[in-house]
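A short worksheet on the structure shown next.
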Amino acid sequence: MLLDYTLYLWHWLTHRVPLLWRLHRVHHADLDLSGSTALRFHFVEMMLSAPWRAAQVVTIGASARALSVWQTLTLVAILFHHSNIRLPMALERRLCRVLVTPRMHGIHHSVVKEETHCNWGTILSIPDYLHGTIRLNVPQDAIEIGVPAFRDPGELRFGALLRMPFEEQRPTWQLEGRGPQPARLRDETRRSELRP
Ligand SMILES: [Zn+2]
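Count the sequence shown with our numbering and you get residues 17 to 212, in order.
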């Protein structure tokens, strides 16, 4: 649980520290959520996460076995919550009290800034409940996936994604980097009644 909690903190940092966000933004630029999104991380972000991982293990004192089990569970969880599986709502409402579900993580991949800045959990949703960063009241159908700065699939090819963190940074939350900032209409969230 502590390994999962400290990964929540790392995920928060990747959004809040500008240098890390340059790299993590590559993952968020995907225009459609599916299992493959789970593997679309910039390799420099992966490299920078290694010292964090080492610090997690040393600070928590995790055994090799605990680390191995957690890493396997993390991989399964990441594949699961990025997938485009639509679970029956009654099951999903129960599940997201403990686990990060695809609907919950889909909100984290929204083009709306306030929606991206919530649901940071990986395996367990408990850290999000603890920190008050859980958000469930956005209907799945109302979510546009990606970051506003990059809406053209032509700009999201393999080479472009590799170069993205090292180029001049467009404002993330404005459409195409210069247009208006996407926002959620209030009644869209109220209509949903999706709170567990
Ligand atoms: Zn993220």
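In this text, a Cβ means the ideal position worked out from N, Cα and C, and glycines have one as well.
- Boundaries cannot be given for Asp157, as no alpha helix (DSSP H) includes it and DSSP labels it neither H nor E.
- DSSP, read as helix, strand or coil, puts Leu103 in coil.
- The continuous alpha helix (DSSP H) containing Val85 extends over residues 80 to 97.
- For Trp86, the CB stays at least 8 angstroms from every heavy atom of ligand 1.
- Sequence-distant partners of Leu19 (beyond 5 residues in either direction) whose C-beta falls short of 7 angstroms from its own C-beta, in its chain, are Gln72, Ile76, Ala78, Trp86.
- Nearest C-alpha to Gly162 among Leu49, Pro118, Met62: Leu49.
- If you check the CB distance, Val116 and His97 come in under 9 angstroms.
- Short note on Thr132: C-beta closer than 8 angstroms to some heavy atom of ligand 1.
- Thr149 has its Cβ no nearer than 8 angstroms to any heavy atom of ligand 1.
- In this model, His121 and Asp157 are separated by some 14 angstroms (Cα to Cα).
- For Ser65, the enclosing alpha helix (DSSP H) has its first and last residue at 59 to 76.
- In this structure the region 148 to 155 does not lie against the region 179 to 192, because fewer than three pairs of beta carbons, one per stretch, are closer than 8 angstroms.
- Collapsing the DSSP output to three states places Ser126 in a strand.
- Distances taken from the Cβ of Thr138 to the heavy atoms of ligand 1 include none shorter than 8 angstroms.
- One Cα belongs to Val42, the other to Pro34, and the distance between them is close to 13 angstroms.
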